[in-house]
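The opening position of the sequence shown corresponds to residue 471 in this note's numbering, with each subsequent residue numbered one higher. Take a look at the structure below.
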Amino acid sequence: MGDRQLTVFGTLVRERGWGYARFSREFRKVCAELRLDDVTPQRKQYDRWRLGQIKGVPRAEACEALEAMFPGWTAEKLLALADRSPLPTTADAPATPTEQEPEHASEAGAHVLLEEDEMKRRTLIRGLVVGTTLGITDAALEVMAAARQRMDLALESSAIGPATLERWETTAFEYAHAYQTVPPHRLLADVLADFTEVQRLLEQRQPIRYRRRLCRVAAQLAALAGIFASALGAHREARGWFHTGRLAASEAGDNQLEGALTVRSAIVSLYYGTPASAHEQAARARHILGDTIGPATTRGLLVEARALARMGRGDEALPLLRQAEDAFGRLTAEDRDDPSFGHTERQFLWHLGNAWTHLGRTEDAWQVQHRALDLYPPTEYLDPTLIRLDRATCLARSGEPEEAYRTATQALTALPDEHRTGMVMKYATDFSRTAGHAQLPAGREFAELLRA
């Protein structure tokens with residue numbers, strides 16, 4: 471699609487490398503900053519804004535948000551066709567064609583080239599280009615010009631700019647910091663939309679260095695989709711996304727990310743599969759990661775230890791816990807700040823506490839659980855709930871089933887409904903099996919809560 475068919479808004483959005491998902495997020499941010507109602511357009515309305523298929527201008531709040539997003543433009547000019555409201559020339563944007571430059575080919579020529587059936591398209595082109603004379607007809611010239619211009623557009627727009635690429639690389643980081651506070655089903659929808667945008671970019675011709683970076687973004691988005699799917703209880707789909715992520719990470723040449731995705735798959739097995747499978751995958755991740763110490767190393771070592779603890783192989787788990795503590799002490803501040811692709815201190819303490827829980831070391835478990843809970847802000851729900859359920863497991867194993875059920879009940883009732891995801895409920899169900907004593911009043915109350 472050429473600029474002639476886009477509005478100024480459509481051209482600006484394209485130059486920023488935004489798809490609908492990215493635009494809608496930025497639009498919501500602006501609405502929040504201006505204290506406006508959320509008037510984010512639906513996908514169809516967004517497309518109408520890009521293509522100039524609306525009459526008049528949107529409602530006042532939408533106009534105000536648009537004008538804040540694109541300073542120097544009024545809403546009316548933004549929604550006018552770009553060739554009627556030329557964009558100013560900047561270092562990043564080429565000047566719009568002058569009257570002396572050739573016009574775009576006619577719609578007739580473009581229509582022929584857009585014919586999807588190959589045989590029909592070839593027949594139409596032959597009929598126009600060959601004609602009945604030795605010269606080239608006007609219709610043939612139009613088809614030739616349309617073909618050339620479509621190829622020019624494809625070649626010019628296939629490679630994204632470094633600024634656009636950097637924006638995509640920050641996207642995963644933004645999701646990583648949101649997933650503990652925002653319900654996973656909301657984030658999953660946005661991640662899938664962004665994933666399809668990156669897929670579209672990868673289907674186009676890109677310089678090798680850009681393609682590798684895009685593959686890394688694709689791997690990170692696939693990892694996030696898997697994390698959110700796992701949190702929602704869709705563990706088979708989560709494994710599929712982690713597999714896709716590993717393929718993308720391998721294409722990017724990033725063995726640390728590939729290893730991290732293997733660790734994530736092991737975590738799914740730890741919660742939804744068998745400890746033996748989790749241990750095997752975590753050991754495979756260690757092989758992929760090699761001698762490099764990073765956040766995936768510490769996660770993987772803890773997953774191995776947790777799996778061994780659940781299999782009753784504590785003598786093998788303890789050395790891995792010591793290795794994990796040593797490796798965590800060598801992580802950078804940046805590694806400790808990213809909850810999805812890094813390993814924060816609060817996450818490390820939670821995973822360590824879970825290992826102590828299944829090793830039967832309840833005092834050690836409680837100490838690190840307490841430290842972990844102190845580090846979690848009140849806006850984070852998932853991990854603190856799982857930590858409290860681990861605490862309930864410790865109480866049950868210490869011979870205090872009533873108190874264990876009360877602790878578990880408090881953990882679930884304090885959780886907003888939209889955060890009672892499949893993973894949380896599976897964790898809670900596993901606790902009840904460990905605790906036993908279902909005939910106790912607190913046990914019956916907890917069973918009712920699980921059925922609610």
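All C-beta atoms, glycine included, are put in the ideal place defined by N, C-alpha and C. A quick note: this is a predicted structure, and the numbers were derived from the prediction, not measured.
field: Buried versus exposed, by CB contacts within 10 Å (16 or more), G696
entry: Counting Cβ neighbours within 10 Å, G696 comes out buried, since at least 16 surround it.
task: For D668, I'd like the list of residues in its chain whose CB is within less than 7 angstroms of its CB, leaving aside the five on either flank, ordered along the chain.
output: According to the sequence shown, residue 668 is Val rather than Asp. So the list reads W638, L684, V687, A688 and L691, once near-sequence residues are dropped.
field: Closest by C-alpha distance to I763, when choosing among L727, H821 and L740
entry: L727
message: Assuming contact is defined by CB atoms lying nearer than 7 angstroms, are L740 and L771 in contact in what I supplied?
response: no
message: Could you give the first and the last residue of the continuous alpha helix (DSSP H) run that contains G696?
response: I678 to A701
message: Check whether the region 908-919 and the region 875-884 touch, using three or more Cβ-Cβ pairs below 8 angstroms as the test.
response: A contact is defined here as three or more CB-CB pairs under 8 angstroms, and the region 908-919 meets this definition with respect to the region 875-884.
task: Pick helix, strand or coil for T651, following the three-state DSSP scheme.
output: coil
field: Start-end ranges of the alpha helix (DSSP H) lying completely within the region 831-912, minimum 4 residues
entry: 832-845, 852-867, 871-883 and 892-905
query: Where T891 and A898 are concerned, what is the direct C-alpha to C-alpha distance, given to the nearest angstrom?
result: 11 angstroms
CA-to-CA distance, E750 to E870, given in whole angstroms: 34 angstroms
query: Alpha carbon to alpha carbon, how far is L551 from A719?
result: 40 angstroms
task: Assign T477 to one of three DSSP states: helix, strand, or coil.
output: strand
task: Would you decide whether G799 is buried or exposed? Buried here means 16 or more other CB atoms lie within 10 Å of its CB.
output: exposed
message: At the level of alpha carbons, what is the spacing between Q523 and E531?
response: 19 angstroms
message: Quick check on the DSSP output: the alpha helix (DSSP H) that includes K514 runs from which residue to which?
response: R513 to L521
query: CB-CB under 6 angstroms to Q570, same chain, minus the five flanking residues each way: which ones, in chain order?
result: Bear in mind that the predicted position of Q570 carries a pLDDT of just 34, short of 50, making it unreliable; the figure below should be weighed with that in mind. Contacts found: none.
Candidates A701, W711, L635 and G631: closest to L662 by CA position: Comparing Cα-Cα distances from L662 to each of A701, W711, L635 and G631, the minimum goes to W711.
- prompt: Leaving out the 5 sequence neighbours to the left and right, which residues in its chain are closer than 7 angstroms to T904 when beta-carbon positions are compared?
  reply: For T904, the CB contacts under 7 angstroms within the same chain, skipping 5 residues up- and downstream, are T863 and A866 in chain order.
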